[in-house]
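In UniProt numbering, the protein residues as written are 1 to 528. Just so it is clear, CB atoms sit at the ideal spot from N, CA and C, and this is done for glycine as well. The next block holds one structure in the form of structure tokens; read it before the comments.
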């Protein structure tokens, strides 16, 4: 029985393991490292409501990279879509939130698309972000890339978004909290009453609900962050060294206006605010005045309050940050629990970083370099490998043989080495070694004769030392000659087109199954 391997099979196994690690094991383990937050003052046995806040997936399209040709654009979409899909699957299967809420900018060019293109992108969205059963998944909060911004809102895009995803402004009751999703982008419109009247009417309606402020705590969700001092630091979780600026441009504004921000804070009096749009993390505490239009209290005597705002990271790898993420939010407000303390915070939050989007690519690029280098060396410079290693890599003789080795075995009965693609096996190097050994033996004999004839009484150690020295010199010269010969031999082989054809064929044997397996892993994640 004979067991043999070739380096092509070995590399295929290495590639398959690397792909499975990069596409399955590493992403799952990275998301598994996230932990749902709990306030230190909450009871240890409490099970708070768990919400995953997802900001700015912003599916890339032809508007994202207009300078890229069609092929690179499709490749970019494929890679980013798989990254988003894989993260979405493991967020729901590993972290297991009770609800998922998106904070806007679902698409990148949604405000620009015709209906035909938008419907295709909507189907693409549903393939990536399938709604998991038995979980609340809310996608109705629009971003400026979905509908436009302020006075430049595309009304048809707003209507279309509302028709397929739901009302942009709404409330959701989870964990004895009222989550207020507010379309602040439309509230910044001052020209089209049809646009700005809906979110204002919604806000007035909920705050006029009887006993509104004495009911459950409120959490505000907005796509655009509320106004703060542009010089205010954003905290240690922000990747950019610059704070959140206050600038305007085509179809965007980095913050809500100061007036609108104070109006919203005063009306809702939220326990916390969560926003998106910036793609990077930012933390700030808003201080605001609790005013009432009919209580007759002067502005100086009106009470104040504060609310923390957390701007969530983008979940996408294509939004200009090195570490995409989501915001984990837990809510605990059980007034019926005898252990409940109304003075403790009713929520806790932390960032959950998504898998490093470039780690797998670094691994794959390194393996490509190893694969190409090994193929070139085996075909153009086989003499650098020991004969046994070369035989294992190239399947030129058995790795294990059922015939036991015997010193008296004839050459005909022992396995022989055959020529390999690109040249002979180490017989060339063996011939040089035999010649070097013969020259060393001749030098040794000559040294002994001259030493014994010139100095009969000399110590025997002297010629031994000379013999070793001469032998080492011959060995050094032999190695130099060997390396020179190997280099010349490799150059001759590399000049032969047939040798490169062999290398190309071997690389194709590795590349084709590897690519098919990568494609299988990428597509199968859509079935999970």
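Pop quiz: residue i and residue j are said to be a contact at Cβ under 8 Å. What is the actual Cβ separation, rounded to whole angstroms?
i: residue 237; j: residue 331; result: Rounded, the Cβ-Cβ distance is 21 Å, inconsistent with contact.
i: residue 181; j: residue 140; result: 7 Å
i: residue 232; j: residue 276; result: Going by Cβ atoms, the distance from residue 232 to residue 276 rounds to 18 Å, so no, they are not a contact pair.
i: residue 76; j: residue 68; result: 7 Å
i: residue 55; j: residue 95; result: The pair is not a contact, with the Cβ atoms about 16 Å apart (cut-off 8 Å).
i: residue 219; j: residue 179; result: 5 Å
i: residue 227; j: residue 271; result: Actually they do not touch by this definition, with Cβ atoms about 19 Å apart.
i: residue 151; j: residue 191; result: 5 Å
i: residue 89; j: residue 525; result: 6 Å
i: residue 23; j: residue 521; result: 4 Å
i: residue 80; j: residue 316; result: 6 Å
i: residue 202; j: residue 169; result: 4 Å
i: residue 510; j: residue 103; result: So it is not a contact: roughly 43 Å between Cβ atoms.
Would you call residue i buried or exposed, if buried means 16 or more other Cβ atoms sit within 10 Å of its Cβ?
i: residue 33; result: exposed
i: residue 427; result: Note that residue 427 scores 44 on pLDDT, short of 50, meaning its location in the model is unreliable; the coordinates nonetheless yield the value given after this. Exposed: under 16 other Cβ atoms inside 10 Å.
i: residue 230; result: exposed
i: residue 83; result: buried
i: residue 454; result: Summary for residue 454: the model assigns pLDDT 47, below 50, so the residue's position carries little reliability, and this model does not support an answer.
i: residue 184; result: buried
i: residue 402; result: Confidence is the limiting factor: at residue 402 the pLDDT is only 40, short of 50, which leaves the residue's position unreliable, though a coordinate-based value still follows. Label assigned to residue 402: exposed.
i: residue 144; result: buried
i: residue 304; result: exposed
i: residue 309; result: buried
i: residue 119; result: exposed
i: residue 92; result: buried
i: residue 160; result: buried
i: residue 214; result: exposed
i: residue 279; result: buried
i: residue 225; result: buried
i: residue 72; result: exposed
i: residue 70; result: exposed
i: residue 3; result: In this predicted model, residue 3 has a pLDDT of only 40, less than 50, meaning its place in the structure is not dependable; the value taken from the coordinates is given anyway. Result: exposed.
i: residue 107; result: buried
i: residue 116; result: exposed
i: residue 250; result: exposed
i: residue 17; result: exposed
i: residue 105; result: buried
i: residue 74; result: exposed
i: residue 506; result: buried
Tell me, please, which residues DSSP counts as bridged to residue i.
i: residue 311; result: 275 and 282
i: residue 102; result: 54
i: residue 379; result: Beta-bridge pairing links residue 379 to no other residue.
i: residue 219; result: 179 and 272
i: residue 351; result: 327
i: residue 287; result: 306
i: residue 171; result: 180
i: residue 49; result: 331
i: residue 59; result: 107
Is any beta-carbon of chain D found at less than 8 Å from that of residue i?
i: residue 115; result: The structure shown has no chain D; it contains just one protein chain.
Could you work out which residue in the options is closest to residue i when comparing CA atoms only?
i: residue 354; options: 11, 377, 57 and 275; result: 57
i: residue 287; options: 278, 280, 273 and 277; result: 273
i: residue 349; options: 27, 523 and 49; result: 49
i: residue 7; options: 523, 525, 516 and 379; result: 379
i: residue 64; options: 344, 208, 281 and 318; result: 318
i: residue 313; options: 302, 326 and 305; result: 326
i: residue 61; options: 45, 78 and 54; result: 78
i: residue 360; options: 157, 107 and 30; result: 30
i: residue 241; options: 68, 43 and 281; result: 281
i: residue 514; options: 244, 117, 258 and 371; result: 371
i: residue 204; options: 268, 124 and 152; result: 268
i: residue 147; options: 257, 113 and 101; result: 113
i: residue 39; options: 347, 266 and 511; result: 347
i: residue 25; options: 109, 206 and 87; result: 87
i: residue 157; options: 128, 195, 511 and 191; result: 195
i: residue 42; options: 97, 81, 201 and 335; result: 335
i: residue 206; options: 365, 249, 264 and 154; result: 264
i: residue 307; options: 106, 329, 351 and 266; result: 266
i: residue 155; options: 136, 186 and 134; result: 186
i: residue 328; options: 10, 344 and 351; result: 351
i: residue 357; options: 321, 366 and 374; result: 321
Length-filtered (3 minimum) beta strand (DSSP E) runs lying within the segment 126 to 168: 136 to 138
message: What ranges does the beta strand (DSSP E) occupy inside the segment 221 to 276, keeping only unbroken runs of at least 3 residues that lie completely in it?
response: 272 to 275
Contiguous beta strand (DSSP E) assignments of at least 3 residues, all confined to the segment 59 to 98
none
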